[in-house]
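The structure under discussion appears below in the form of structure tokens.
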Amino acid sequence: MVKPAQPEPEKLSRGDAHGAGLSEVRSPAVNAQLTAGPRARVEVGDWLALAATLDAQSVDFVYADIPFGTGRVHRTPAGANRVASRVASREGGGAGGADAATFDDRFAGPAELAAWLRARLVVTLPSVRDSGLVAIHCDWRACAHVRLLLDELLGPAAFVNHLIWSYGLGGSSPRGFARKHDDILLFARRAGAHWFEAPRVPATSARLRGQSKKMTDVLAIPAINNMAAERTGYPTQKPLALLEVLVGACCPPGGVVLDPCCGSGTSLVAAARLGRDAVGFDVSERAAQIARERLWAARTADRGLLNVGPMARPGTR
Ligand SMILES: C[S@@+](CC[C@H](N)C(=O)[O-])C[C@H]1O[C@@H](n2cnc3c(N)ncnc32)[C@H](O)[C@@H]1O
Numbered sequence: 001m002v003k004p005a006q007p008e009p010e011k012l013s014r015g016d017a018h019g020a021g022l023s024e025v026r027s028p029a030v031n032a033q034l035t036a037g038p039r040a041r042v043e044v045g046d047w048l049a050l051a052a053t054l055d056a057q058s059v060d061f062v063y064a065d066i067p068f069g070t071g072r073v074h075r076t077p078a079g080a081n082r083v084a085s086r087v088a089s090r091e092g093g094g095a096g097g098a099d100a101a102t103f104d105d106r107f108a109g110p111a112e113l114a115a116w117l118r119a120r121l122v123v124t125l126p127s128v129r130d131s132g133l134v135a136i137h138c139d140w141r142a143c144a145h146v147r148l149l150l151d152e153l154l155g156p157a158a159f160v161n162h163l164i165w166s167y168g169l170g171g172s173s174p175r176g177f178a179r180k181h182d183d184i185l186l187f188a189r190r191a192g193a194h195w196f197e198a199p200r201v202p203a204t205s206a207r208l209r210g211q212s213k214k215m216t217d218v219l220a221i222p223a224i225n226n227m228a229a230e231r232t233g234y235p236t237q238k239p240l241a242l243l244e245v246l247v248g249a250c251c252p253p254g255g256v257v258l259d260p261c262c263g264s265g266t267s268l269v270a271a272a273r274l275g276r277d278a279v280g281f282d283v284s285e286r287a288a289q290i291a292r293e294r295l296w297a298a299r300t301a302d303r304g305l306l307n308v309g310p311m312a313r314p315g316t317r
């Protein structure tokens, strides 16, 4: 019997845009569907080594939520909720094992942390477009050191904002004001050349009733609470609402977000939901698994437009 003619499958090679790790064959129809929307990939490894694989001038927005230098080894609690548990059970670890160590946040001090960051930014900056932005998310421990480092690498004139993420939760101290914010330092790759679209919020004054106004540099967004649906159990996970503000403001539609310390993948999911491509790195295999799982779930939730393909699909690299 003569078989009906089949369209030639397309071979995707490692050289395709965002296609690192791709080597399988797909039909043109499937391929067209998979390339219809934003694309995301997650790589496991050290930011230092992986940054060297990025093309020059290929990234619009770098968001790096770096280790804060807390002196702790962060652990994912046993029984961490849905996403982490699903990932862990597929890995045969039953909720990842009790208090599985997730990432090491021990540095000798903020100067050592800044040196760690310096080495990685030096390799990463050539990949950032001239119109791009770089955001480093840190806290009171290393903020001053990171600011000086960015001044040195990008120039003081490239400073755009010192954002305060005011998250509400947290303890209090009898010996000082309660620390209830993180710091996000935003610099342009080239002073004065960056793309930016100010997010808008509803105006509160009676004079502007019913209108919107530009968001300020104080981002009052609650931290993820224990019952939040988006909670994965990954330590230090940031709220999607925060990352949607940052990605929407700092990366043009259709642009590329790089998160070289992506953890549970919050920035990658924000990028995908807002129609930006995303590349995530993390040294932790566990983080990458959770990030891929979230991207896969976002693909389903967001009308199947997200081409996470085999790059972000859980269980693949
Ligand atoms: C503060 S957490 C990021 C949390 C993330 N923003 C989220 O919402 O889940 C920092 C991440 O940096 C990762 N990390 C630490 N050292 C790294 C390195 N050398 N290269 C890549 N990732 C690293 C850790 O594994 C951790 O997931």
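So the sequence shown is numbered by our numbering: it starts at 1 and just counts up by one.
Beta carbons are placed, not taken as given, at the ideal position from N, Cα and C, and that holds for glycine.
Ligand 1 heavy atom lying under 8 Å from the CB of residue i
i                 : result
aspartate 183     : no
glutamine 237     : yes
phenylalanine 103 : yes
alanine 66        : It is isoleucine, not alanine, that sits at residue 66 in the sequence shown. Yes, the beta carbon of isoleucine 66 sits closer than 8 Å to at least one heavy atom of ligand 1.
tryptophan 165    : no
serine 127        : no
valine 71         : This sequence places glycine at residue 71; valine is not what is there. Outside the cutoff, so no.
valine 283        : yes
leucine 266       : For the sequence presented, residue 266 should be read as threonine rather than leucine. Checking the Cβ of threonine 266 against ligand 1 gives yes.
alanine 287       : yes
histidine 162     : no
Separation of residue j from residue i, as counted between CA atoms
i             : j                 : result
glycine 255   : proline 174       : 46 Å
alanine 191   : serine 284        : 34 Å
glutamate 197 : phenylalanine 107 : 36 Å
aspartate 183 : isoleucine 164    : 5 Å
arginine 120  : aspartate 130     : 18 Å
serine 267    : valine 245        : 10 Å
arginine 209  : arginine 75       : 46 Å
alanine 298   : leucine 240       : 12 Å
leucine 123   : asparagine 226    : A small correction: the amino acid at residue 123 is valine; leucine does not occupy that position in the sequence shown. Valine 123 and asparagine 226: Cα-Cα distance of roughly 37 Å.
cysteine 138  : proline 67        : 8 Å
tyrosine 167  : aspartate 217     : 13 Å
alanine 271   : lysine 213        : 23 Å
serine 205    : valine 44         : 47 Å
valine 375    : alanine 178       : No information on residue 375 is available, as it lies outside the stretch 1 to 317 that the chain covers here.
arginine 147  : leucine 125       : 16 Å
leucine 50    : valine 269        : 20 Å
Limits of the unbroken beta strand (DSSP E) element including residue i
i            : result
glycine 280  : 277-282
glutamate 43 : 40-44
alanine 220  : 218-220
Residue span of the alpha helix (DSSP H) that contains residue i, given as start and end
i             : result
leucine 208   : Counting along the chain, leucine 208 falls outside any alpha helix (DSSP H), and DSSP gives it neither H nor E.
aspartate 183 : Aspartate 183 -> not in any alpha helix (DSSP H); beta strand (DSSP E) instead, spanning 181-188.
serine 267    : 266-273
alanine 144   : 143-154
arginine 118  : 110-124
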